[in-house]
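As structure tokens, the structure follows; a few thoughts come after it.
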Amino acid sequence: MAEEMKTTDFEDPSDSVEREAEMAEDAEEGGEEGEEEGDGGEHEGEEDPEDEEYTALFEGNKDLLDYAEDDTFGLKLYQQFERRDYEALAERKRKALSDPCCNDSAKKLKQDDFCGTSIDEIREMMDFGWRRKSRKTKKRGRRKGSKNKLSPEVTRKLGDATLHYASGRYDEAVCVLKEVVKLAPTLADPYYTLGLVHNANGDRKRAFNFYMIAAHVMPKDPSLWKLLVTWSIDIGNSGLVMYCLSKAITADPKDMGLRFDRASLFVELGHYQKAAESYDQILGLCPANVEARMMAAKMYQKCGQVERAINTLEDYIKYHPTEIDLSIVNLLASIYMENKQHVKALLQIENARSVYCSSNKFPLCLTVKEGICQAYLGNMEKAEILLVDLQMEKADHGELITEVADSFMNLGQYESALKYYFMLDGTNGHENVYLDKKIAQCYISLKERAKAIAALYKVLLAMEDDIDSRLTLASLLLDEEKKDEAITVLSPPKNQESTIDTNSVGPKPWWLSGKVRFQLAKIYHAKGMLEDFVDAIFSSIRETLFIETMNQKVRVKKKLTKSVLNERIKVAGDYEDDSIFRGFRPIGTIPEMAKASRAKKSLQKLEAVKEEKKAAALAAGLDWQSDESDDESPPKALREPPLPKLLKDEEHYQLTLDLCKALASLQRSREALEIINHTLRLAHKTLSVEEEEELRSLGAQIACNTTDPMHGYDHVRHRVRHHPYSSAAWNGYYKVVSRFGSRLPKHDKFLPGMRDAHPDCVHPVIIRGHQSTMKCKHQDAAREYLQAYKVQPDNPLVNLCAGTALINLALGLRVRNRHQCIAQGFAFLYNYMRLCKSSQEAFYNIARAYQHVGLVTLATIYYEKVLAIREKDYPIPRLPNENLSLPENQNPGYCNLHREAAYNLHLIYRNSGALDLARQVLKDYCNP
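Per our numbering, the sequence shown starts with residue 16, numbered consecutively.
In structure tokens:
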């Protein structure tokens with residue numbers, strides 16, 4: 016009994032086969048001995064020491080029923096069951112040591128035995144030691160009369176309780192059974208009857224608790240454990256089911272159904288390795304069990320242990336060479352074929368055919384597999400011969416026909432595959448759709464586009480949401496030069512696009528798919544339909560960039576709520592339920608157990624942080640109030656963009672570039688710059704140097720042509736940073752910067768940095784001088800221009816700017832040496848005229864400077880020189896980023912300065928009183 020009570024500890028469900036076999040042998044051995052000896056005998060009336068152990072266990076627990084009903088006793092009960100054997104053994108040893116009579120009698124017995132021995136026996140003992148054997152035959156099994164005998168009172172009360180239960184007086188039955196438990200706490204019958212009573216009352220929870228106590232008191236009763244297995248399944252606790260199954264198997268080792276149930280539970284939970292081991296245990300007891308062997312092979316195959324699965328099946332064939340089970344051969348051949356070992360599969364099938372009785376018809380499934388193996392080995396003629404029977408019996412073997420057709424398609428035998436696919440044509444259900452898809456795929460491989468298009472139209476007629484088939488059909492139509500028909504296939508139905516809410520949670524219609532819009536946009540772009548191209552793809556690309564930006568802000572480590580953590584930790588068993596029998600944890604998969612471990616650590620950290628905050632609040636004398644509102648906030652989830660490959664695929668990048676160019680052509684510069692900026696921000700690590708430079712150049716070009724340069728400033732700045740000595744780059748930069756009406760902080764920081772980084776570059780110096788001139792800070796402007804003159808003294812623009820700055824400075828009120836300043840300014844202007852080789856523009860600028868300072872006589876001379884020169888028209892310089900294809904809307908003579916010089920000259924004449932000369936100049940040069 017003591018050995019029985021030890022089983023109340025929760026054991027590992029995956030017990031070994033050897034341990035269960037030993038327990039089965041012990042149970043059989045004990046049963047046989049009990050039958051041989053029967054009741055009565057010399058030991059009758061002796062008290063069983065196991066009865067003493069149970070009495071000692073329950074003497075101090077008279078309120079066992081109250082504990083069971085209050086759901087608080089289970090754990091203590093198990094701990095006492097675990098200690099009872101050690102305490103009973105220690106008590107017997109103490110009694111033996113404290114009884115001197117027993118010691119004397121034992122010594123006397125040894126002396127008598129020694130005196131009664133012969134000389135030969137003494138010599139034998141001297142040679143081999145004291146090995147006296149008992150001359151009496153040792154009896155095995157339970158001693159007679161050692162079984163518990165119930166007292167008449169207990170027997171009477173049990174009968175009364177049974178009558179009360181049968182009559183429906185459940186309260187009286189419970190009262191009587193409580194008294195029985197107090198009188199005989201180690202008896203299983205009252206607990207079982209209490210379970211029946213509570214079950215009849217509808218209290219299944221208490222009934223289950225009492226059944227569990229009865230099962231642990233009487234652990235070798237398999238029927239009770241089987242009942243508990245059924246109830247555990249209803250509860251839904253997989254750990255409890257596994258525990259009760261293991262106990263039931265221990266109680267009835269020969270019940271293969273229980274072992275099959277345990278293996279099936281492992282399969283249901285996804286523990287394929289343990290399931291395979293459980294089926295192996297069944298094979299250890301019943302090697303001829305075909306079902307267990309096949310299931311073990313399937314489980315090993317799912318675990319990736321293909322060799323072990325093959326060995327499991329081959330062992331059966333090896334030890335049953337004349338009685339081959341064709342289901343074993345079928346599974347073994349399937350495993351070989353899945354692993355591309357068609358030669359071995361063929362050998363197994365041929366071996367089975369040779370052993371199988373010729374009078375019986377060989378199974379068609381094995382014949383089909385043999386034909387497929389021959390096809391894979393290149394023997395197409397043999398394969399066709401073997402598959403003749405399948406063609407004759409095609410009505411009831413759709414799966415086999417599909418397998419053959421798929422095999423031929425994988426081998427590239429598309430015509431043969433089509434023959435078998437057409438054998439399946441005409442069946443009902445959704446399989447027809449997938450059949451048409453496979454037929455279309457075969458036609459595509461055979462380059463028969465017209466038949467493939469017809470098959471795909473049939474697919475779309477049945478499943479209009481099949482996006483892959485729709486895209487394939489559009490590609491085929493494009494290959495057939497049917498662009499308009501392809502557009503119709505990819506375009507949304509009429510009056511449907513406007514009625515769909517794009518923000519809805521449910522699945523979106525097929526025409527809103529990013530793949531469909533991508534293909535449609537490519538067709539529009541190829542036809543030069545820019546507006547339709549932008550309408551088709553702009554929203555998808557913009558949404559994709561927005562979602563990718565938001566996904567980057569979502570933390571990779573999600574902050575799970577406490578409720579989610581507590582739910583995960585249940586798998587590890589770290590939770591309290593309302594049952595008295597605890598320790599049964601639900602058996603989860605390996606990922607679930609890993610999640611439970613992480614959840615446990617997270618909860619421990621949260622509790623530690625909470626305790627620290629509480630201690631800090633109490634130390635500061637503040638009232639502590641736990642605020643868990645942040646913990647219960649739902650975690651953010653990553654959204655799936657319409658075009659997942661937008662930032663990784665070369666084709667998608669080219670589409671994005673084409674979209675930006677199209678937007679720029681349609682004067683939608685702001686949207687184009689928005690797409691470029693988001694693309695560069697998100698894909699700066701995946702884009703190549705050439706692609707990034709191309710995007711930035713396009714952004715700089717758009718920024719120069721747009722009226723709102725805010726979004727394009729970064730592009731022109733990037734171009735200047737990488738090409739600091741390019742005049743075109745600085746011209747584009749200044750063109751964008753000059754459009755800012757207010758001060759730009761980025762520019763004010765960038766320009767001095769470029770001057771310090773490149774001291775020999777005059778472009779940032781000149782821009783700084785221009786900005787000072789625009790602000791009427793002529794002294795600062797002159798300082799900047801003179802700094803540029805030191806670097807490039809032969810630059811005409813630097814000389815012109817320096818001369819005009821000095822002249823403007825001389826006209827100020829705070830200049831002391833005004834005449835010297837004017838002279839220096841004209842010196843720079845004359846140097847500028849020399850560098851320009853006395854061009855019309857140089858004469859005009861000098862004349863304008865003379866007129867500005869009041870030297871009208873000299874100004875008249877240079878204006879007359881301007882009028883004497885005829886300048887040819889030259890194309891106006893453009894930036895490299897600008898669109899060179901735009902026509903020039905300039906009138907002839909736009910490079911000639913006659914009109915400007917004549918108008919200024921007529922002002923001089925009019926102010927001096929020569930009105931006739933002024934009128935004549937206007938008449939000669941300013942008339943249209």
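Quick reminder that beta carbons are idealized off the backbone N, C-alpha and C, glycines included. Everything numeric in this text was worked out from a predicted model, so none of it was measured.
Buried or exposed: where does Y740 fall if 16 or more other Cβ atoms within 10 Å of its Cβ makes it buried? Against the sequence shown, residue 740 aligns to sequence position 725. That one is exposed.
Verify whether the separation of the beta carbon atoms of N566 and R696 is less than 8 Å. Here the question's residue 566 lines up with position 551 in the sequence shown. Here the question's residue 696 lines up with position 681 in the sequence shown. Their beta carbons are not under 8 Å apart, which means N566 does not touch R696 by this criterion.
Could you tell me the distance, in whole angstroms, from the CA atom of A203 to the CA atom of A348? Here residue 203 refers to the residue found at position 188 when the sequence shown is read from its first residue. Here residue 348 refers to the residue found at position 333 when the sequence shown is read from its first residue. Their backbone Cα atoms lie some 53 Å apart in a straight line.
Can you name, in chain order, every residue of its own chain whose Cβ lies under 8 Å from the Cβ of V531, other than the five neighbours on each side? Taking the first residue of the sequence shown as position 1, residue 531 is located at position 516. Once the five neighbours on either side are set aside, the close Cβ partners of V531 are I482, R485, L486, L505 and W525.
May I have the straight-line CA-CA distance separating Q428 from N394, to the nearest angstrom? As a working note, residue 428 is residue 413 in the sequence shown. As a working note, residue 394 is residue 379 in the sequence shown. When rounded, the distance between both Cα atoms is 13 Å.
Spatial neighbours of M949 within its chain, please: CB distance less than 6 Å, with the 5 preceding and 5 following residues excluded, ordered by chain position. The chain is shown only over 16 to 943; residue 949 falls outside these bounds and no answer can be derived.
Between which two residues does the alpha helix (DSSP H) holding R532 run? Translated into positions along the sequence shown, residue 532 becomes position 517. For R532, the enclosing alpha helix (DSSP H) has its first and last residue at G529 to A541.
Residues of its chain near D85, where Cβ-Cβ distance is below 8 Å and the 5 sequence neighbours each way are ignored: What you label residue 85 is simply residue 70 of the sequence shown in a count that begins at 1. Residue placement at D85 is flagged as unreliable, the pLDDT there being 49, under the threshold of 50; a coordinate-derived value is accordingly withheld.
Validate contact between the stretch 702–716 and the stretch 728–742 using beta carbons, cut 8 Å, 3 pairs: With three or more CB-CB distances shorter than 8 Å, the stretch 702–716 counts as touching the stretch 728–742.
Cutting at 6 Å between CB atoms, please list the residues of its own chain near V282, excluding the five before and the five after it. Looking up residue 282 in the sequence shown gives position 267. Within the same chain, V282 has close Cβ partners A290.
For K660, which three-state DSSP category applies? Looking up residue 660 in the sequence shown gives position 645. If DSSP states are grouped into helix, strand and coil, K660 belongs with coil.
Given A181 as reference, the closest of L211, V169 and K164 once Cα atoms are compared: Against the sequence shown, residue 181 aligns to sequence position 166. Out of L211, V169 and K164, L211 has the C-alpha closest to the C-alpha of A181.
Could you tell me the distance, in whole angstroms, from the CA atom of E856 to the CA atom of R925? Numbered from 1 along the sequence shown, position 841 holds the residue referred to as residue 856. Numbered from 1 along the sequence shown, position 910 holds the residue referred to as residue 925. Spanning the two alpha carbons is a distance of roughly 24 Å.
Heavy atom of the ligand COA less than 7 Å from the Cβ of L713, yes or no? In the structure on display, the ligand COA does not appear, and there are no ligands present to speak of.
Taking all protein chains shown into account, decide if S555 is buried (16 or more other Cβ within 10 angstroms of its Cβ) or exposed. In the sequence shown, the residue the question calls residue 555 occupies position 540. With 16 or more Cβ atoms within 10 Å of its Cβ, S555 is classed as buried.
When the Cα atoms are used, what is the spatial distance from G53 to G319? Working through the sequence shown from its first residue, we reach residue 53 at position 38. Working through the sequence shown from its first residue, we reach residue 319 at position 304. Low local confidence applies: a pLDDT of 37 at G53 is under 50, so the model's placement there is unreliable, and no value is given.
Local Cβ density within 10 Å of K663, reported as buried at 16 or more and exposed below that: Walking along the sequence shown from the start, residue 663 turns up at place 648. Per the 10 Å Cβ criterion, exposed.
Which of the three DSSP states, helix, strand or coil, is assigned to G55? Counting from 1 along the sequence shown, the entry for residue 55 is found at position 40. The predicted position of G55 is uncertain, since its pLDDT is 37 and thus under 50; a value taken from the coordinates is nonetheless stated next. Here G55 sits in coil by DSSP.
Neighbourhood of P657 by C-beta, 6 Å cutoff - its chain only, sequence neighbours within 5 removed: Here residue 657 is taken as the residue at index 642 of the sequence shown, counted from 1. Excluding sequence neighbours, P657 sits near G529, S555, E558 and T559.
Is the separation between the beta-carbon of A797 and that of A820 shorter than 8 Å? The sequence position of residue 797 within the sequence shown is 782, counting from 1. The sequence position of residue 820 within the sequence shown is 805, counting from 1. In contact: A797 and A820 (Cβ atoms closer than 8 Å).
Neighbourhood of Y548 by C-beta distance below 7 Å, restricted to the same chain and skipping five residues each side: Counting from one through the sequence shown, the residue named residue 548 turns up at place 533. Note on residue identity: the sequence assigns Phe, not Tyr, to residue 548. Answer for F548: A536, Y539, H540 and A677, listed in chain order.
List the endpoints of the continuous alpha helix (DSSP H) containing V830. The count along the sequence shown starts at 1 and reaches residue 830 at position 815. Neither: V830 is in no alpha helix (DSSP H) and is coded neither H nor E.
Assuming Y371 and I339 form a contact by the criterion Cβ under 8 Å, report the distance between their Cβ atoms to the nearest whole angstrom. As a working mapping, residue 371 is identified with position 356 in the sequence shown. As a working mapping, residue 339 is identified with position 324 in the sequence shown. Going by Cβ atoms, the distance from Y371 to I339 rounds to 7 Å, so yes, they are a contact pair.
Taking the CB atoms as reference points, tell me whether Y287 and A307 lie closer together than 8 Å. Here residue 287 refers to the residue found at position 272 when the sequence shown is read from its first residue. Here residue 307 refers to the residue found at position 292 when the sequence shown is read from its first residue. Cβ distance not < 8 Å, so Y287 and A307 don't count as in contact.
CB H913 to CB L937, shorter than 8 Å? What you label residue 913 is simply residue 898 of the sequence shown in a count that begins at 1. What you label residue 937 is simply residue 922 of the sequence shown in a count that begins at 1. With respect to L937, H913 sits apart: the two C-beta atoms are not nearer than 8 Å.
Helix, strand or coil: which one does DSSP assign to E168? Stepping through the sequence shown from its first residue, residue 168 is reached at position 153. Three-state DSSP puts E168 in a helix.
On a Cα-Cα basis, can you pick out the residue from K761, G543, H793 and Y878 that is closest to N911? For this step, residue 911 is matched to residue 896 along the sequence shown. Nearest in C-alpha terms to N911, of all of K761, G543, H793 and Y878, is Y878.
Identify whether K837 lies in helix, strand or coil by the three-state DSSP scheme. Within the sequence shown, numbered from 1, the residue matching residue 837 stands at position 822. Reading the sequence as shown, one finds Ile at residue 837 and not Lys. Helix.
7 Å CB neighbourhood of T327 in its chain, flanking five on each side removed: Within the sequence shown, residue 327 is the residue found at index 312, counting from 1. Closer than 7 Å at the Cβ level, and outside the excluded window around T327, lie R308, A311, A312 and Y315.
For the alpha helix (DSSP H) containing H778, name the first residue and the last one. Counted from its first residue, the sequence shown places residue 778 at position 763. Element bounds for H778: H778 to M789.
Using three-state DSSP, classify E187 as helix, strand or coil. Here residue 187 corresponds to residue number 172 of the sequence shown, with the count starting at 1. Residue state, collapsed to three classes: helix.
Could you check whether L850 and P811 sit closer than 8 Å to each other, using their CB atoms as the reference points? Translated into the one-based positions of the sequence shown, residue 811 becomes position 796. Translated into the one-based positions of the sequence shown, residue 850 becomes position 835. The answer is yes: Cβ separation under 8 Å.
Does the structure place the stretch 225–241 close enough to the stretch 264–284 that three or more beta carbon pairs sit under 8 Å? yes
Rounded Cβ spacing between H412 and L379 (contact assumed at less than 8 Å): Counted from its first residue, the sequence shown places residue 412 at position 397. Counted from its first residue, the sequence shown places residue 379 at position 364. Confirmed, about 7 Å.
Beta carbon of V344 nearer than 8 Å to that of I364: On the sequence shown, position 329 is the one that residue 344 refers to. On the sequence shown, position 349 is the one that residue 364 refers to. Contact: yes.
L492 vs I468 beta-carbon contact at 8 Å: Taking the first residue of the sequence shown as 1, we reach residue 492 at position 477. Taking the first residue of the sequence shown as 1, we reach residue 468 at position 453. Result yes, Cβ atoms of L492 and I468 sit closer than 8 Å.
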